[in-house]
Amino acid sequence: MQLYGELKNLQKLQETMSRALGLSALIAYPDGRLLTEITNLCSFCALINSNPEGKARCAASRAASVRAAASAGKAVTHTCHAGLVHLATPLNVAGELAAVLVGGSVALQELAKEAVLQLARETGIDHEELLAAAIKVPVWSEERLSAATGMMQAVAETVARLLYTEQELQKKVNELTALFEFSKTVSSSLKLAEAARQGLEAVLRLTGAAGGSVLMLDEAEPGAATAEVAAALEPDNGPGVIPAGEIIAAVGREAAAAHFDDEKNAAEGKRPAVAVPLTVGGRVTGVLTLAGRPGGQHFTGEETVFLTTLGTALGLALENARLFRRVQERAAMLERLLEVGQVVSGSFDADRIIEAALSGVRDVLGARWCVLRLLDESTGDLVLRGNVGMSPGLQAETGRIRPDGNLLGEVLQKGEPVVVEDLADAVTSTRLPYSVPEVRALVVVPVKAGGKTLGTLKIYSPVPRRWSEEEVEYLVIIASQLGLALENARLYSSLRKYYLNVVQALAAALEARDAYTRGHSLRVAKLARLCARFLGLGAGEQEQVYMAGLLHDIGKIGVRENILLKPGPLTPEERKEMQGHPEVGARILEPAGFPGGVTAAVRHHHEDYGGGGYPDGLSGEEIPLLARIIRVADAYDAMTSARPYRKALTPDQAFNELKRCAGSQFDPRVVEAFLRIPGDEMVNIDVATLLAILGEILFLFKQVR
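365 is the number of the first residue of the sequence shown in our numbering; add one for each residue after it.
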């Protein structure tokens, strides 16, 4: 440690003292941590300290001596683990314990041989070497030790004075360092809470105050009693001292410090406190408050001037941080807006669209309640379609409401947002169509698409609230995106329904040529979808394999009827024509814009897993997975359906055939999933197929008429 003054090296002083007294010496902090390195060890102690176990024991003994002297507040003697005596003398600086001076490496009597041997066994030190060193340990009388104590006390007083000087100088260094760190913090940090807390901590260190707070005044109403608590600190992790509203108002109004007595609690009574303004360009933007001084001292005028000057720097830094936070909030708002926009524009699932939009409003605007209602054109009612925060009871009560003579009707009629900062002050026409005591402020915007108002989007606040232009604008944009996305989802649903009807009609037209295969494509489609589900495929792939099942034999439209309906075996030429139907089916689907997975499944649904199938002779994983699923479902339905030339197999017989041919004709993994389909679901497919066939006949009959 470096000291200031005449003596520059405390270590050198210690070494001189230890040699003069014939003792080893060191200086330690009161908790036992070394302040200096130990000097003048005897050969016995040096040998022990050269051993890891011995060194650890010596360190523990020295720490125990230090703590004993610190606890007693006077010089003490303490016997170490090796039987030597430590003389520990406390060093008090400015009335406080600063360090402990420890001397040692002597004994009051010769060390017992058995004790030395025991120490050698415990530490692993060579016993002969340790015995030889033990003989050389100085043996002192108690009188000599007492005299050394007096001399060490005198040295300790000298060291204490040196330490006091060093401490005072270090205090100044610490203050300058704290000021530098404070300046660095308030000039570089752009996080409001972090800058406020670090700045407050620095001020507390500088002033010695027990607690304090940093308040940011409302930007729209400077000096308002309500303010944002940017930081608040107390030694016991309490809430910190928050001045009363009139004190905050006075500081903001007069731009001057205010002294007052803070009552922390009834037991401690009052304590002096001061609140100083944080200013930016002559405008008070916040209040720095400090309370509690050592000994109950008041804050002096000089300190108040210093704190006020400090408040100018802190105020500017916090204002920059507040502006930066506002920029971040707007950036986060735009980022969330883009995220929501990507979801609502990239999805045709109305529920997912609504969930994304409402969660985006909740996250960005901090809305406790958010409600979407869509207009039922047949009744004129607004129907609850999605919400965040509404209780189940309120949802049931307000599932349908009339938008007559209330703010919802006003929004629908005008097609413009309605903003209410406090419902208690609102006129009758801008009230809700239902009573919710917890709702005090709200914003309602129209949900539009193509110039048509579809419904309303609302956010509520349980307390009066001044809604910013950015918040209202954000809600309007979300409502606009939501309206377009919901309209697109509706149109997509209609197109998809029509699309599936066309697919079913194509399948029905094909099967109308052969009474024996009627319902086959629909059954294959449903079996394939079940199998895909048990394989763990997603909803999109399940839908595609269902579509491929409906259309897998569409290419048979190009097969001559005498071949298609032939009751007996086919000739090689006829078989070749029949085996061409997967390629014909793929060529039919490609120009129609069917998904690639559907077209590929139709083309390859007769490929064999072990190779040798048609049309391309693919094998294993080369065959698209959807085609492998269709292959199993197609084979099962064919085996369990009667034909003119054979009887239908039972389900168990068909299952055994699937297992027998797994690995050659069929993908074993697909077969395993197919066999896990519950039997009742298989039966339901047969019943549903009959109903579907009836529906297809009616559909075709309608087309003919």
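Glycine included, each C-beta is placed from N, C-alpha and C at the ideal position.
What residues are listed by DSSP as bridge partners for residue i?
i: R689; result: Paired residue(s): none; R689 is not in a bridge.
i: G396; result: Answer is none; G396 lacks a bridge partner.
i: P502; result: Paired residue(s): none; P502 is not in a bridge.
i: R635; result: D626
i: N751; result: V735
i: S825; result: A805
i: N456; result: L461
i: R1010; result: R1007
i: V440; result: A452
i: G467; result: A389 and L451
i: V640; result: L652
i: T403; result: A389
i: F958; result: Answer is none; F958 lacks a bridge partner.
i: A591; result: L581
Based on Cα-Cα distance, which residue from the options lies nearest to residue i?
i: G977; options: G961, T1004, E947 and A420; result: E947
i: C406; options: A496, P416 and L729; result: A496
i: A557; options: A681, H450 and A613; result: A681
i: L839; options: V783, V803 and P826; result: V783
i: V811; options: K920, T820 and V803; result: T820
i: E401; options: I918, Q378 and A950; result: Q378
i: A452; options: C409, K477, E460 and L509; result: L509
i: L411; options: P756, A432 and I499; result: I499
i: E506; options: D490, A463 and V449; result: V449
i: E474; options: P658, V503, V480 and L465; result: V503
i: A518; options: R1007, F663 and A439; result: A439
i: L846; options: L481, L818 and P826; result: L818
i: S469; options: L894, F898, A559 and G447; result: G447
i: S755; options: E941, V735 and E1021; result: V735
i: R514; options: G488, P936, L465 and A559; result: Per the sequence presented here, residue 514 reads as Gly, with Arg not at that position. Cα-wise, what sits closest to G514 is L465.
i: T443; options: P454, R647, A471 and M516; result: A471
i: E834; options: I612, R690 and M911; result: R690
i: A760; options: P767, G750 and D768; result: G750
i: R995; options: L1013, L914, R939 and D1016; result: L914
i: R732; options: K822, N684, E774 and L739; result: K822
i: T1014; options: D1001, P607 and C1025; result: D1001
i: T668; options: R525, N684 and A621; result: A621
i: S742; options: G724, V728, E985 and R764; result: R764
i: A573; options: A512, L654, G563 and A595; result: L654
i: F688; options: V578, D490, A559 and K1023; result: A559
i: A721; options: I841, A594 and D745; result: I841
i: G984; options: G974, H945 and G744; result: G974
i: A476; options: L461, N456 and V501; result: V501
i: R893; options: G883, M911 and L953; result: M911
When burial is assigned at 16 or more other CB atoms within 10 Å of the CB, is residue i buried or exposed?
i: A318; result: The structure shown does not extend to residue 318, since the chain is modelled only from 365 to 1069, so the question has no answer here.
i: T673; result: exposed
i: V615; result: buried
i: V966; result: buried
i: R804; result: buried
i: V1051; result: Bear in mind that a pLDDT of 44 at V1051, under 50, signals an unreliable position, so the number given afterwards is only what the model happens to contain. Exposed, by the Cβ-count rule.
i: Q906; result: buried
i: N629; result: Residue placement at N629 cannot be trusted, given a pLDDT of 47 that sits under 50; what the coordinates show is reported in the next sentence. It counts as exposed.
i: T963; result: buried
i: L934; result: exposed
i: S382; result: buried
i: Q1029; result: buried
i: A463; result: buried
i: K376; result: exposed
i: A384; result: exposed
i: K1083; result: This structure cannot speak to residue 1083, because the chain is shown only from 365 to 1069.
i: V638; result: buried
i: T522; result: exposed
i: S388; result: buried
i: A584; result: Here A584 scores only 46 on pLDDT, less than 50, and its place in the model is too uncertain to base an answer on.
i: P767; result: buried
Between residue i and residue j, which are expected to be in contact by the criterion C-beta below 8 Å, what is the C-beta distance as a whole number of angstroms?
i: D626; j: R635; result: 5 Å
i: D713; j: A853; result: 7 Å
i: L359; j: N770; result: With the chain running from 365 to 1069 in the structure shown, residue 359 is simply not present.
i: V567; j: G576; result: 7 Å
i: F624; j: I612; result: About 11 Å; that fails the 8 Å criterion.
i: L855; j: I717; result: No, L855 and I717 are not in contact; Cβ-Cβ is about 13 Å, not under 8 Å.
i: T649; j: L554; result: Going by Cβ atoms, the distance from T649 to L554 rounds to 16 Å, so no, they are not a contact pair.
4-residue-minimum alpha helix (DSSP H) runs that sit fully inside the stretch 906 to 974, ordered along the chain: Assignment of alpha helix (DSSP H) within the stretch 906 to 974, counting only whole runs of 4 or more residues, yields 925 to 928, 936 to 942, 945 to 953 and 960 to 967 in chain order.
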